[in-house]
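Going by this note's numbering, the first residue of the sequence shown is number 2, and it counts up by one from there.
Presented below is the structure to which this report refers.
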Amino acid sequence: MDIRKIFLNYFEKNDHLILPSSSLIPVDDPSVLLTTAGMQQFKLYYLGIKRPPGKRITTAQKCFRTSDIDRVGYTEKHCTFFEMLGNFSFGDYFKEEAIKFSLDLILNILKIPLEKLLVAVFKGDKDIPADLESIEHWKENGISADKIYKFGKEENFWGPAGETGPCGPCSEIFYDFGKEYGCGKDSCNPNCDCSRFLEIWNLVFIQYNFDGKKYNELPQKNIDTGMGLERITAVLEGNPSVFKTSLFDGIMKKIKEISEEKINYKNGKKASLEFDKSMRIIADHARAIYFLISDGVTPSNEGRGYILRRIIRRAIRYGKLIGIEDYFLNDIGEAVVSEYSKIYPELLEKKEFSFNLIRDEENRFTKTLKEGSKVLIQKINRIKKDNGKYLDPEDAFRLYDTFGFPVELTAEILNENNLKLNMEKFNDYLKEHAEKSK
């Protein structure tokens, strides 16, 4: 099933203009390092600075979220790079039509049973009323009251992107995989971190402008929706893990093929869980790496280049944990290019450049990882022997300064050993070093 094509064709039939994905490097938007949502390329339309080519638009957008880097691998549903399927309205339709479109596509085109769906809406607060209008439209379209959950601003209100600007309540559609995938707690609900509920679509109703003090109704109401391709694929293929879908099939097979399927410092069931976590991290990061490079990002020590370097190094480190001693990222890169280049030809066009770049990074970091890890493990063993809980920030700084060992990696390894690092003090050492280097 070609879900991208089904989604885009559905909205094209409903008078939406299909536009291509924009680059992962945002155009004319210095407020963010990377494209994080489908609406990003339309930001100037929402702000009224530019006129859109149509009042109704639909896209399949490449996205990357740095906020999820540390969650990748630890859950079955988080990715750094993902594709967001979206439909957008600029002063045309609003809540009633957006809700009808979403349920029509889900129920009648994708054939997902109504009883498997739940919805979350904005419950309101002292500044903004509850989104009662959306609740009524969900009910009118078959969602029963007991399947509608009400949450606050943190979960169900979007924006503004800066200190002021357009914003509004959102409605999220969740799929229920069943109690067998849940945590077993009475408090389990769609926002629980267990594997039972998976958010598949977020409908943002941009109806307010926040001026820094008050939320004022916008004269033009807009729609911004996003459905994660990886997540809807997981639902349609009957598996709550996005990493066990056809989108990752070739990538995961390649990782297993080149690994020794082991964690070199653990045994038993825990080792198996660690292996699966490492697989997810490598698969996600490898896919993200080649997409970032194909859109013009190169490794560096700052900005988006540092994000790329960070995930390259994190992937290499987890490769070592599952027994991959040789250079391996380009082997997985072959699987990424094979899976995605028909949709995104830039992957094939930049393949040779990407592979050369990655080989240089692997070569550079392998020595760093070996030497730095050895020193860090010695420090960890000493802390445990003394029943300590923290690594001295000065030791973390020396690892960074002497070996080029990333502090994020230090923190992650400490966390795996139930130890901590005072990042505030580490940053003090960093600032002091920067001052001395001037």
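Ideal Cβ positions, reconstructed from N, Cα and C, are used throughout, including at glycine.
Item to complete: With distances taken Cα to Cα, identify the nearest neighbour of Leu370 among Lys352, Val408, Leu349.
Response: In this structure, Val408 is the residue among Lys352, Val408, Leu349 with its C-alpha nearest to the C-alpha of Leu370.
Practice prompt. Counting only the same chain and skipping the five closest in sequence on each side, list residues whose C-beta sits under 8 Å from that of Leu358.
Written response: Excluding residues within five positions, the ones whose Cβ falls inside 8 Å are Ile294, Thr299, Pro300.
Discussion item. Spatial neighbours of Ile252 within its chain, please: C-beta separation below 8 Å, excluding the five flanking residues on both sides.
Written reply: Excluding positions up to five away in sequence, the list reads Ala284, Ala287, Arg288, Ile333, Ala336, Val337, Glu340.
Item to complete: Kindly list the residues whose CB is nearer than 7 Å to the CB of Ile259, restricted to its own chain and excluding five residues on each side of it in sequence; keep chain order.
Response: So the list reads Ile325, Phe329, Asp332, once near-sequence residues are dropped.
Practice prompt. Let me know if Cys80 comes out buried or exposed under the rule of 16 or more other beta-carbons within 10 Å of its beta-carbon.
Written response: Under this definition Cys80 is a buried residue.
Practice prompt. Quick one: give me the first and last residue of the beta strand (DSSP E) that Tyr94 is part of.
Written response: Element bounds for Tyr94: n/a, residue is neither H nor E.
Worksheet entry | For Ile256 and Met228, believed in contact at Cβ under 8 Å, the rounded distance | Between Ile256 and Met228 the Cβ distance is about 27 Å, and since that is not below 8 Å, they are no contact.
Worksheet item: Relative to the C-alpha of Met85, which residue among Ser24, Val28, Ile110, Phe123 is closest?
Response: Comparing Cα-Cα distances from Met85 to each of Ser24, Val28, Ile110, Phe123, the minimum goes to Ser24.
Discussion item. Helix, strand or coil, according to DSSP, for Ser449 in the structure here?
Written reply: Limits of the chain in this structure are 2 at one end and 439 at the other, which puts residue 449 out of reach.
Worksheet item: Who are the Cβ neighbours of Trp159 in its own chain at under 7 Å, not counting the five residues just before and after it?
Response: The beta carbon of Trp159 is closer than 7 Å to those of Cys168, Gly169, Cys171, Val205 in its chain, skipping five residues each way along the sequence.
Discussion item. Suppose you measure from the CA of Met280 to the CA of Asp212; what does that come to, to the nearest Å?
Written reply: Whole-angstrom Cα-Cα distance: 45 Å.
Worksheet item: If you draw a straight line from the alpha carbon of Phe83 to that of Glu231, how long is it in whole angstroms?
Response: For Phe83 and Glu231, the distance between alpha carbons rounds to 7 Å.
Discussion item. With a threshold of 6 Å on Cβ separation, who are the neighbours of Phe404 within its own chain once the five nearest residues in sequence on each side are excluded?
Written reply: Scanning its chain for C-beta atoms nearer than 6 Å, with the 5 sequence neighbours on each side dropped, one finds around Phe404 the residues Thr369, Glu372, Gly373, in chain order.
Practice prompt. Identify, in the order they occur along the chain, each residue of the same chain with its Cβ nearer than 6 Å to the Cβ of Gly87, setting aside the five sequence neighbours on each side.
Written response: Short of 6 Å from the beta carbon of Gly87, and not among the five residues preceding or following it, lie these beta carbons of its own chain, in chain order: Gly39, Thr60, Thr226, Gly227.
Discussion item. Looking at the strands, I want to know which residues DSSP matches up with Asp225.
Written reply: When DSSP reads this structure, Asp225 sits in a beta bridge with Phe89, Val205.
Worksheet item: Between Ile19 and Phe8, what straight-line distance do the alpha-carbon atoms span, to the nearest angstrom?
Response: Going from the Cα of Ile19 to the Cα of Phe8 covers about 10 Å.
Worksheet item: Relative to the alpha-carbon of Asp71, which residue among Ile129, Ile312, Glu350 has its alpha-carbon at the smallest distance?
Response: Looking at the Cα atoms, Ile312 is the closest of the given residues.
Worksheet entry | Coarse secondary structure for Arg57, derived from DSSP in three states | Judged by DSSP in its simplified three-state form, Arg57 adopts strand.
Worksheet item: Mind checking whether Tyr150 and Pro191 have CB atoms under 7 Å apart?
Response: Here Tyr150 is near Pro191, since their CB atoms are less than 7 Å apart.
Practice prompt. Classify Phe398 as helix, strand or coil using the three-state DSSP reduction.
Written response: Here Phe398 sits in helix by DSSP.
Item to complete: Evaluate Val28 with the Cβ neighbour count: other Cβ atoms within 10 Å of its Cβ, from every protein chain shown; 16 or more gives buried, anything less gives exposed.
Response: With fewer than 16 Cβ atoms within 10 Å of its Cβ, Val28 is classed as exposed.
Discussion item. Report the CB separation of Phe1 from Pro53 in whole angstroms; it is logged as a contact under 8 Å.
Written reply: Because the chain spans 2 through 439 in this model, residue 1 falls outside it and cannot be assessed.
Worksheet item: Around the C-beta of Ser68, are 16 or more other C-beta atoms found within 10 angstroms, so that it is buried, or is it exposed?
Response: Of the other Cβ atoms in all chains shown, fewer than 16 fall within 10 Å of the Cβ of Ser68; this residue is therefore exposed.
Item to complete: Report buried or exposed for Gln41, applying the criterion of at least 16 other Cβ atoms within 10 angstroms of its Cβ.
Response: The residue is buried, with at least 16 neighbouring Cβ atoms inside 10 Å.
Practice prompt. Return the chain-ordered list of same chain residues with a C-beta closer than 7 Å to the C-beta of Asn15, the five sequence neighbours on each side being excluded.
Written response: Taken in chain order, the residues that qualify are Phe102.
Discussion item. So if DSSP puts Glu231 in a beta bridge, which residue, or which two residues, is it bridged to?
Written reply: DSSP lists no partner for Glu231.
Practice prompt. Give the straight-line distance between the Cα atoms of Lys278 and Lys432, rounded to the nearest whole angstrom.
Written response: So the alpha carbons of these two residues sit roughly 34 Å apart.
Worksheet item: Nearest-angstrom Cα distance between Glu156 and Tyr11?
Response: Between Glu156 and Tyr11, the C-alpha separation is close to 28 Å.
Practice prompt. Would you decide whether Asn419 is buried or exposed? Buried here means 16 or more other CB atoms lie within 10 Å of its CB.
Written response: Classification for Asn419: exposed.
Fill in: Three-way DSSP call (helix, strand, coil) for Gln177 in this model
Sequence inspection shows Asp at residue 177; the Gln mentioned does not correspond to that position. Strand, per DSSP.
Fill in: DSSP-derived helix/strand/coil call for Tyr266
At Tyr266 the pLDDT is 48, less than 50, meaning the model places this residue with poor confidence; the figure from the coordinates comes in the next sentence. Three-state DSSP puts Tyr266 in coil, outside helix and strand.
Practice prompt. Assuming Tyr216 and Ile129 form a contact by the criterion Cβ under 8 Å, report the distance between their Cβ atoms to the nearest whole angstrom.
Written response: The C-beta distance from Tyr216 to Ile129 rounds to 5 Å, short enough to meet the 8 Å contact threshold.
Worksheet item: Cβ of Tyr182 within 7 Å of Cβ of Ser196?
Response: Yes; because the gap between Cβ atoms is below 7 Å, this pair is in contact.
Worksheet item: Near Ser242, which residues of its chain fall below 6 Å by C-beta distance, leaving aside the five closest residues on each side in sequence?
Response: The beta carbon of Ser242 is closer than 6 Å to those of Glu77 in its chain, skipping five residues each way along the sequence.
Worksheet item: Hey, how far is the Cα of Tyr266 from the Cα of Gly74?
Response: Annotation note: pLDDT 48 at Tyr266 (below 50); position unreliable, no value reported.
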